[in-house]
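J.: Sharing a structure with you now.
Residue numbers (this note's numbering): 12 to 239.
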């Protein structure tokens, strides 16, 4: 039997350090900014309560109307380094994020937590209880959203820290032109990206959001609802 030769080119992924976050509540959330501050009062619930329930299962996906997030359990006293893999946008040339990585430490089973769209308003990574206090687009400025935009304005990857509820959280923005070409339509258009926990890194468990449009999972865009 002849075995076909596969010409595989290994590409080394370079990561850029974005800073670090902490989650004193023990629950870390990666969330869409767009409806973060208006959806939870409208349903009479707190994000932190839903996130804690999801984290208690080992981590998973939260979905309410147009709002989505991922929640995972973390050590309450650990600083969590945040890094990003990047590549030039094929449309505009500006360097853009293709993978977000959070070094959680400890041990966790490898698992797919769900998938998230890249919210055109941005994403935020931080403590679940702190994000209960997030003030965003539903309120007149100045707001936490405005502070995030100012903090990220001069960062080449549109990333910036902002203090919310006594905690430093990390806002993650996008090049507007690149977003309109690669992420526009978000979940409705099938532009959703897998979030996983993996082991095998020297620092322990790692949370990864693979936001490379070349690896989009369109079948995950249909019929997804959070069980909580």
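C-beta: ideal position from N, C-alpha, C; glycine also.
Any chance the stretch 156-166 sits against the stretch 194-207, with 3 or more Cβ pairs inside 8 Å?
T.: Counting Cβ pairs under 8 Å, fewer than three are found: no touch.
J.: Quick one: give me the first and last residue of the alpha helix (DSSP H) that residue 51 is part of.
T.: Counting along the chain, the alpha helix (DSSP H) containing residue 51 begins and ends at 50-54.
J.: What residue range does the alpha helix (DSSP H) around residue 111 cover?
T.: Unbroken run through residue 111 is the beta strand (DSSP E), 106-114; no alpha helix (DSSP H).
J.: For the beta strand (DSSP E) that contains residue 78, what are its first and last residues?
T.: Element bounds for residue 78: 78-84.
J.: Looking at C-beta atoms only, is the number of pairs between the stretch 96-114 and the stretch 176-190 that lie closer than 8 Å three or more?
T.: Counting Cβ pairs under 8 Å, three or more are found: they touch.
J.: For the stretch 175-184 against the stretch 139-154, are there 3 or more C-beta pairs whose distance is under 8 Å?
T.: Yes, since at least three Cβ pairs between the stretch 175-184 and the stretch 139-154 fall closer than 8 Å, the two stretches touch.
J.: Consult DSSP for residue 118 and reduce its assignment to one of helix, strand or coil.
T.: Of the three classes helix, strand and coil, the one that applies to residue 118 here is coil, per DSSP.
J.: Taking its Cβ as the centre, do 16 or more other Cβ atoms sit within 10 Å of residue 61, making it buried, or is it exposed?
T.: Answer is buried; the Cβ neighbour count reaches 16.
J.: Please determine, among 41, 215 and 91, the residue with the shortest C-alpha to C-alpha distance to residue 252.
T.: There is no way to answer for residue 252, as the model of the chain reaches only from 12 to 239.
J.: Can the beta-carbon of residue 117 be found closer than 8 Å to that of residue 72?
T.: No.
J.: Cβ of residue 147 within 8 Å of Cβ of residue 44?
T.: In contact: residue 147 and residue 44 (Cβ atoms closer than 8 Å).
J.: Checking 8 Å against the spacing of the C-beta atoms, do residue 168 and residue 95 come in under that value?
T.: Their beta carbons are under 8 Å apart, which means residue 168 touches residue 95 by this criterion.
J.: Whose CA, out of 219, 171, 91 and 70, lies closest to the CA of residue 133?
T.: For the residues 219, 171, 91 and 70, the minimum Cα distance to residue 133 belongs to 171.
J.: Drop a sphere of 10 angstroms on the beta-carbon of residue 102, count the other beta-carbons inside from all chains shown, and report buried for 16 or more, exposed for fewer.
T.: Classification of residue 102: exposed, given that the 10 Å Cβ count is below 16.
J.: Assign residue 221 to one of three DSSP states: helix, strand, or coil.
T.: Three-state result, residue 221: strand.
J.: I need the straight-line Cα distance from residue 120 to residue 211, nearest angstrom please.
T.: So the alpha carbons of these two residues sit roughly 10 Å apart.
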